[in-house]
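Here is the structure we will look at.
Residue numbers (the working numbering): 120 to 362.
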């Protein structure tokens, strides 16, 4: 499915480099510091779990790294480009070319079938339709959905919908996949299966990933765990994937 072998984690500069990343909000005249100086490097091909309870700022951090909102301070470098220095259209281009997103809710387009939902982001990126359809069918087949290509989201189970969302995130071969509680809306059995397929696919593609979760068991299956606490990141003492 991937045209080239996965990149060695030690072979290149980090895909993401955060230095003193900050984000604050005003609420009722009160300043709330959600991120108070986050430092993080994510290597090529590395899958990092971002742990923290609800309300700890995980989603805010993903939105900042994903260039989905402004207002952050500090350094944010993606694929060697300092994102904070880019104009709006430059951030859009960086997001389109290098980032993929998976959310707790699938956010599929209801009027399009599974194949079309994975084809569309490729067309936006300028890929020819035939190549986009071939790529989409290949990814969906790897996720066990080869018999569901022509089904619309309403005809798919929750787990199937989320697997289509995973395929969509991977379709343009992003350097970094950002996942916000990607299995949080699924039952335990389905969650385990979808996460396993997600991790396998990301590793096969050679992408990096930052996965926000509050599930310690899911986090332990990733390469490294960081924990967001009071606006700062704490590295897990053991680091690395268990197994």
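We put the beta carbon where it would ideally sit given N, CA and C, even for glycine.
Going straight from the alpha carbon of residue i to that of residue j, what length do you get?
i, j, result
"residue 147", "residue 154", "19 Å"
"residue 265", "residue 139", "44 Å"
"residue 280", "residue 274", "9 Å"
"residue 350", "residue 137", "14 Å"
"residue 134", "residue 159", "11 Å"
"residue 190", "residue 151", "13 Å"
"residue 243", "residue 305", "29 Å"
"residue 347", "residue 230", "38 Å"
"residue 302", "residue 320", "15 Å"
"residue 179", "residue 163", "23 Å"
"residue 361", "residue 170", "In this prediction, residue 361 has a pLDDT of 44, which is less than 50 and means its spatial position is unreliable; what the coordinates show is noted afterwards. So the alpha carbons of these two residues sit roughly 16 Å apart."
Please state whether the Cβ-Cβ distance between residue i and residue j is less than 7 Å.
i, j, result
"residue 234", "residue 295", "no"
"residue 247", "residue 291", "no"
"residue 342", "residue 181", "no"
"residue 286", "residue 221", "no"
"residue 259", "residue 297", "no"
"residue 344", "residue 198", "no"
"residue 338", "residue 332", "yes"
"residue 192", "residue 141", "yes"
"residue 326", "residue 272", "no"
Tell me, which residues are paired with residue i by DSSP?
i, result
"residue 152", "143"
"residue 330", "168, 298"
"residue 352", "347"
"residue 137", "159, 195"
Residue i: which of the options sits nearest, CA to CA?
i, options, result
"residue 322", "289, 171, 209, 179", "289"
"residue 283", "303, 261, 141", "261"
"residue 223", "336, 339, 254, 314", "314"
"residue 194", "225, 177, 156", "156"
"residue 254", "324, 209, 228", "324"
"residue 312", "327, 277, 293", "277"
"residue 267", "232, 210, 250, 316", "232"
"residue 212", "187, 225, 317, 228", "187"
"residue 354", "228, 161, 144", "161"
Sorry if obvious, but does the Cβ on residue i come closer than 6 Å to a heavy atom of the ligand GDP?
i, result
"residue 215", "As far as ligands go, the structure on display features none, and thus does not contain the ligand GDP."
* Could I get the ranges of all uninterrupted alpha helix (DSSP H) runs contained in the region 156-221, with 4 residues as the minimum, in chain order? => Here the runs fully enclosed are 177-184, 207-217.
* To do: Please go through the region 233-291 and give each complete alpha helix (DSSP H) segment of 4 or more residues, from N-terminal end onward.
  => Entirely contained in the region 233-291, the alpha helix (DSSP H) runs reaching 4 residues are, in chain order, 233-243, 248-261, 277-289.
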